[in-house]
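For reference, the structure discussed in these notes is given below.
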Amino acid sequence: MSLNIDGEYDIRNINQKSFENEAKKLGLGKGIATQHFLSMVEKFEMALEQSTYELEEQGYGVAVDIQKQILKKAGIHNFKLTNP
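Right, here's the structure in full:
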């Protein structure tokens, strides 16, 4: 299942402005969009770490390699915060 934010599917191109634009389309305020974006950015690595641990516990030996690739190519480092 794919999901787009402000018409963008590539996580590397989604930023705070994308959330603000999507919120506007949905009739939500900029503050709500910013709050959700910052919350997501803050929790991303912790959620990825937890998922990796759970997959390893279930016997998926490649979980750490996948985690590293996510962080390298499409991880939190690619989120771009805009100045208010």
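Going by the working numbering, the sequence shown wraps up at 88, each residue one higher than the last.
The beta carbon of each residue, even a glycine, is placed where N, CA and C say it ideally should be.
Keep in mind the model is a prediction, meaning the values are calculated, not measured.
Quiz prompt | N-terminal and C-terminal residue of the alpha helix (DSSP H) that serine 43 is part of | solution = Counting from 1 along the sequence shown, the entry for residue 43 is found at position 39. Start and end: 34-61.
Practice problem: Report the partner residues of isoleucine 9 according to the DSSP bridge assignment. | Solution: Translated into positions along the sequence shown, residue 9 becomes position 5. Paired residues: Glu12.
Self-check item: Straight-line gap, aspartate 10 to serine 22 (C-alpha atoms, nearest Å)
Solution: Working through the sequence shown from its first residue, we reach residue 10 at position 6. Working through the sequence shown from its first residue, we reach residue 22 at position 18. Their backbone Cα atoms lie some 5 Å apart in a straight line.
Self-check item: 8 Å contact criterion, which leucine 52 and isoleucine 74 should meet: CB distance rounded
Solution: Within the sequence shown, residue 52 is the residue found at index 48, counting from 1. Within the sequence shown, residue 74 is the residue found at index 70, counting from 1. Yes, they are in contact, since the Cβ atoms of leucine 52 and isoleucine 74 sit about 6 Å apart, within 8 Å.
Quiz item: With DSSP run on the structure shown, which of helix, strand or coil describes histidine 66?
Solution: Indexing the sequence shown from 1 puts residue 66 at position 62. The displayed chain sequence assigns valine, not histidine, to residue 66. Reduced to three states, the DSSP call for valine 66 is coil.
Quiz item: Does the Cβ-Cβ distance between glutamate 24 and threonine 38 come in under 8 Å?
Solution: Stepping through the sequence shown from its first residue, residue 24 is reached at position 20. Stepping through the sequence shown from its first residue, residue 38 is reached at position 34. In contact: glutamate 24 and threonine 38 (Cβ atoms closer than 8 Å).
Self-check item: CB-CB length for valine 68 against threonine 56, believed under 8 Å
Solution: The residue you call residue 68 lines up with position 64 of the sequence shown. The residue you call residue 56 lines up with position 52 of the sequence shown. Contact flag correct, Cβ pair sits at about 6 Å.
Quiz item: Are the C-beta of isoleucine 70 and some C-beta of chain B separated by less than 8 Å?
Solution: Looking for chain B here will not work: only one protein chain is present.
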